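**Student:** Numbering of the sequence shown is given in the working numbering, commencing with residue 5 and proceeding in unit increments.
If you scroll down you'll find the structure; I have some questions about it.
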Amino acid sequence: MKIVIIGASGRLGAALVRAYQGKFDVTGFNHAQLDLANQSQIQDNLSPLEFNLLINCAAMTDVDLCEQEIDQAFAINAEGPQLVARICRDKNAKMIHFSTDYVFDGEKREPYTECDAVKPISVYGESKRTGEKLVLQTQDRSASAKATADRHLVIRVSWVFGPDRPSFVDAMIKRGREEEQINAVADKFSTPTYTSDIAEMLQSFFHVDAPGGVLHFSNSGQCSWQEYAQHAIDCCHRLNIPLKVKTVGALTLADMKNWVARRPVYSVLSSAKYTQLIGTTPRSWRDAVSDYIEHSYSKK
Ligand SMILES: NC(=O)c1ccc[n+]([C@@H]2O[C@H](COP(=O)([O-])OP(=O)(O)OC[C@H]3O[C@@H](n4cnc5c(N)ncnc54)[C@H](OP(=O)(O)O)[C@@H]3O)[C@@H](O)[C@H]2O)c1
């Protein structure tokens with residue numbers, strides 16, 4: 005199987021390249037090599053290539069910057085992926101496109117399923133939602149719609165962490181090394197999700213006949229940022245990783261005065277459809293975070 009990965013130096017893309025490069029024929033493109041905002045660069049890079057599967061991990065992920073650079077957000081998160089989807093369709097290749105829990109408004113208080121209505125409350129969420137729609141529409145409008153219907157797959161993930169680029173958990177550990185008192189938001193909820201678990205879960209969907217459409221991927225369970233940070237700090241203490249902090253204090257969303265974009269308060273993604281399709285439940289976010297900290301921090 006020949007796989008192309010776009011966004012190969014990002015948090016998720018780098019993890020996927022590492023996980024797959026020994027097993028498959030993988031070609032990765034980083035931002036400098038392929039700019040999703042540059043349509044001719046997309047054509048020039050992808051059209052000459054032969055591949056069966058393309059995974060798009062690239063995105064404009066700075067939620068606040070998207071509010072200021074709206075055209076750029078839509079170019080990268082929606083129009084670029086649409087052209088990529090067209091090229092995949094024309095090559096009879098499958099596209100897996102990553103999206104986000106931020107397509108929801110966060111008003112629900114139980115996990116969002118793939119059937120729930122999307123209602124983004126930020127430019128980032130709106131641009132990602134448009135990208136989802138354009139990618140999925142592209143296959144349906146193809147001349148060979150029957151052969152390719154539901155081939156492209158949109159995977160929504162939440163609170164992604166992993167060793168390839170620092171995220172919230174790394175910021176909390178860094179601060180906990182330097183300060184005795186750290187705080188995190190206690191009234192915003194979702195599920196931390198480990199890039200290496202995504203890499204493993206994703207492989208069941210590589211086959212061209214694997215189900216397309218929209219699918220939610222996350223580790224199991226849910227938490228606030230404060231609970232997430234506290235668990236990470238507890239793991240460090242258990243592993244004798246030296247930290248100054250012991251207890252993470254609570255902040256509220258209302259305290260986050262620097263945020264420009266609105267964020268959903270509750271954006272837990274249900275993995276019930278994944279479990280129904282594959283027959284296994286993703287491991288808990290607590291186990292995934294412990295595993296990550298053990299592998300990434302205990303020898304540092
Ligand atoms: N991180 C999360 O918590 C989270 C949550 C929900 C969903 N997601 C989704 O998961 C996917 C992967 O995110 P991630 O966590 O890996 O984010 P990330 O670390 O920010 O990676 C995004 C990648 O996209 C690249 N990129 C940015 N602009 C680009 C452009 N114009 N053309 C080509 N590449 C460009 C970035 O390159 P440079 O850094 O070099 O610019 C980076 O390598 C995205 O679809 C994101 O929306 C992430």
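Note that beta-carbon positions come from the ideal geometry of N, C-alpha and C, so glycine has one too.
If you're wondering where the values come from, they're calculated on a predicted model, not measured in any experiment.
Under the three-state reduction of DSSP, which class applies to S93: helix, strand or coil?
**Tutor:** Mapped onto the sequence shown, residue 93 falls at position 89. This sequence places Arg at residue 93; Ser is not what is there. DSSP places R93 in helix when its eight states are reduced to three.
**Student:** Between A79 and the rest of its own chain, which residues show a CB-CB distance below 8 Å, the 5 nearest in sequence each way excluded?
**Tutor:** Counted from its first residue, the sequence shown places residue 79 at position 75. The residues are L40 and A41.
**Student:** Buried or exposed for D201, going by 16 or more other Cβ atoms inside 10 Å?
**Tutor:** Numbered from its first residue, the sequence shown carries residue 201 at position 197. A residue is called buried when at least 16 other Cβ atoms come within 10 angstroms of its Cβ; D201 meets this threshold and is buried.
**Student:** Sorted by chain position, which residues of the same chain lie with C-beta nearer than 7 Å to L38's C-beta, five sequence neighbours on each side aside?
**Tutor:** The residue you call residue 38 lines up with position 34 of the sequence shown. Contacts found: I10, Q45, I46 and N49.
**Student:** With distances taken from CA atoms, which of R290, A19, F102 and G84 is nearest L219?
**Tutor:** Here residue 219 refers to the residue found at position 215 of the sequence shown. The shortest C-alpha separation from L219 is found at F102.
**Student:** Closer than 7 Å: is that where the CB of A203 sits relative to any heavy atom of ligand 1?
**Tutor:** Counted from its first residue, the sequence shown places residue 203 at position 199. Flag unset: Cβ of A203 not near ligand 1.
**Student:** Measuring only the C-alpha atoms, how far is F165 from K95?
**Tutor:** The residue labelled residue 165 in the question sits at position 161 within the sequence shown. The residue labelled residue 95 in the question sits at position 91 within the sequence shown. Using only the alpha carbons, I get a separation of about 32 Å.
**Student:** For the alpha helix (DSSP H) holding V21, just list the boundary residues, first then last.
**Tutor:** Sequence index remark: in the sequence shown, residue 21 carries index 17 (1-based). Unbroken alpha helix (DSSP H) run through V21: R15 to Y24.
**Student:** With DSSP as the reference, identify every bridge partner of F102, one or two as the case may be.
**Tutor:** Your numbering for residue 102 matches position 98 in the sequence shown. Beta-bridge pairing links F102 to I159.
**Student:** Can you check which of these residues, I297, L243 and S274, is closest to D120 by C-alpha distance?
**Tutor:** Reading the sequence shown from its first residue, position 116 is the one you call residue 120. Answer by Cα proximity: S274.
**Student:** Do N187 and A77 have their C-beta atoms closer together than 8 Å?
**Tutor:** Here the question's residue 187 lines up with position 183 in the sequence shown. Here the question's residue 77 lines up with position 73 in the sequence shown. Contact: no.
**Student:** Do you know offhand how far E73's Cα is from N34's?
**Tutor:** Position 69 of the sequence shown, counted from the first residue, corresponds to residue 73. Position 30 of the sequence shown, counted from the first residue, corresponds to residue 34. Separation of E73 and N34 (C-alpha to C-alpha, rounded to the nearest whole angstrom) is 21 Å.
**Student:** Taking the runs of the beta strand (DSSP E) that are 3 residues or longer, which of them lie wholly in the region 165-208?
**Tutor:** 186-189
**Student:** Examine ligand 1 and report whether any of its heavy atoms sits within less than 7 Å of the Cβ of F193.
**Tutor:** For this step, residue 193 is matched to residue 189 along the sequence shown. Checking the Cβ of F193 against ligand 1 gives no.
**Student:** Return the residue from the list R160, R22, E71 and D105 that minimises the CA-CA distance to Y270.
**Tutor:** The residue labelled residue 270 in the question sits at position 266 within the sequence shown. Among R160, R22, E71 and D105, the Cα nearest to that of Y270 is on D105.
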